[in-house]
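**Student:** Just so you know, we're using full-length UniProt numbering here: the sequence shown kicks off at 1 and counts up by one.
Backbone N, C-alpha and C define an ideal beta-carbon position, used for all residues, glycine too.
This structure is in structure tokens; I'll ask about it shortly.
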Amino acid sequence: MIQSMTGFGKHVIQLPSKKISVELKSLNSKSLDLNARMPSSYREKELELRKTIAGALKRGKVDFSLYIEFTGDETSAEVNEAAVKNYMNQLRSIADGDDIQLMEMALRMPDSLKTEREDIEPGEYEAIQRAVQEALKEIADFRSDEGSILEKDFLLRIQNLQILLGQVEQMDPDRQIEVRKRLEKAVADIQADLDENRFEQELVYYLEKYDITEEKVRLDNHLNYFATSLNSKESNGKKLGFIAQEIGREINTIGSKANYAPMQQLVVQMKDELEKIKEQMLNVL
1 MIQSMTGFGK HVIQLPSKKI SVELKSLNSK SLDLNARMPS SYREKELELR
51 KTIAGALKRG KVDFSLYIEF TGDETSAEVN EAAVKNYMNQ LRSIADGDDI
101 QLMEMALRMP DSLKTEREDI EPGEYEAIQR AVQEALKEIA DFRSDEGSIL
151 EKDFLLRIQN LQILLGQVEQ MDPDRQIEVR KRLEKAVADI QADLDENRFE
201 QELVYYLEKY DITEEKVRLD NHLNYFATSL NSKESNGKKL GFIAQEIGRE
251 INTIGSKANY APMQQLVVQM KDELEKIKEQ MLNVL
């Protein structure tokens, strides 16, 4: 079953004094491009969290965000009394004002608050890990839902290509007759005496060059292989992309050998269907 690279997952955990929010958002990319945003005090755990996320998502442009909101009375920030008093004394020397006004101005100055770095408690980090795992489950479900939509579209396009290939097969006998007539007419217009046996040999040679039997068989095999690969357990967008390239190669060869306007019109329709597959393929995991 295929998965999309587009997805979103979010999970929130409430601790006694903190609310932990984890968000994951992914878009299509050729490889894994992981961007992490988190408070500086939690950076020591970034590599470990990156490894967990990378192992689960594998590909895509992924944005990982960790938000910590303090909901209790505890705070790690304290007023830097020495700095505030120093600012107030300097302000008093250059401006008039009461102590409250001077304090308000001093508190806006750099270093008026000091924050002590706190170690991450084991229980808190376990909560973050749980939040990450739940967000990964959500984004996986999102990717699967998007993948099922893509799968339906791919099957429709493959079915359309098989119908067009059937029309090519029905048309091929008439095409061969038409090509033979044109070759015979071209020789007749030269008005030259030719050896009939030699002419027939040359005619067979050119007709064989225009033969598309092998291309039709290979194209049918590629279409069936693509449809079968959609049902594999693992989503493999790269493999499907390779099969799509082979499908395109056979369609192009049929078009170059057709030498018959009605068949070339079918080839144009086949290319249009394949192009729609390739556009959607960019988003498959």
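Going by DSSP in three states, residue 234 sits in which element: helix, strand or coil?
**Tutor:** Against the sequence shown, residue 234 aligns to sequence position 234. Residue 234: coil per DSSP, three-state reduction.
**Student:** Considering residue 26, what are the terminal residues of the beta strand (DSSP E) in which it resides?
**Tutor:** For the purposes of this step, residue 26 is taken as the residue at position 26 of the sequence shown. Taken as a continuous stretch (DSSP letters only), the beta strand (DSSP E) holding residue 26 covers 18 to 27.
**Student:** Return the bridge partner residues of residue 14 from the DSSP annotation.
**Tutor:** Here residue 14 corresponds to residue number 14 of the sequence shown, with the count starting at 1. DSSP output for residue 14 lists 19 as bridge partner(s).
**Student:** Helix, strand or coil for residue 107? Go by DSSP, reduced to three states.
**Tutor:** Within the sequence shown, numbered from 1, the residue matching residue 107 stands at position 107. Three-state result, residue 107: coil.
**Student:** Given residue 246, which residues of its chain have a CB within under 6 Å of its CB, disregarding the five upstream and five downstream residues?
**Tutor:** On the sequence shown, position 246 is the one that residue 246 refers to. Closer than 6 Å at Cβ, skipping near neighbours: 222.
**Student:** Output the residue ranges of the alpha helix (DSSP H) runs that lie fully inside the UniProt domain "Endoribonuclease YicC-like C-terminal" (168 to 284) and measure 4 residues or longer, sorted by chain position.
**Tutor:** With a minimum length of 4 residues, the continuous alpha helix (DSSP H) runs that stay inside the UniProt domain "Endoribonuclease YicC-like C-terminal" (168 to 284) are 196 to 209, 213 to 229, 237 to 258 and 261 to 281.
**Student:** How is the alpha helix (DSSP H) around residue 93 delimited, first residue to last?
**Tutor:** In the sequence shown, residue 93 corresponds to position 93, counting from 1. Per DSSP, residue 93 belongs to the alpha helix (DSSP H) from 81 to 94.
**Student:** Can you tell me the Cα-Cα spacing of residue 329 and residue 5, whole angstroms?
**Tutor:** This structure cannot settle anything about residue 329, because the visible part of the chain is limited to 1 through 285.
**Student:** Identify which residue in 86, 85 and 65 has its Cα closest to the Cα of residue 128.
**Tutor:** Counted from its first residue, the sequence shown places residue 128 at position 128. Answer by Cα proximity: 65.
**Student:** State whether the region 125 to 141 contacts the region 40 to 58, with contact taken as three or more CB pairs (one from each stretch) at a distance under 8 Å.
**Tutor:** As far as the Cβ criterion goes, the region 125 to 141 touches the region 40 to 58, which means the pair count is three or higher.
**Student:** Quick check: what's the CA-CA separation for residue 26 versus residue 34?
**Tutor:** On the sequence shown, residue 26 is found 26 positions in, with the first residue counted as 1. On the sequence shown, residue 34 is found 34 positions in, with the first residue counted as 1. Rounded to the nearest angstrom, the two C-alpha atoms are 9 Å apart.
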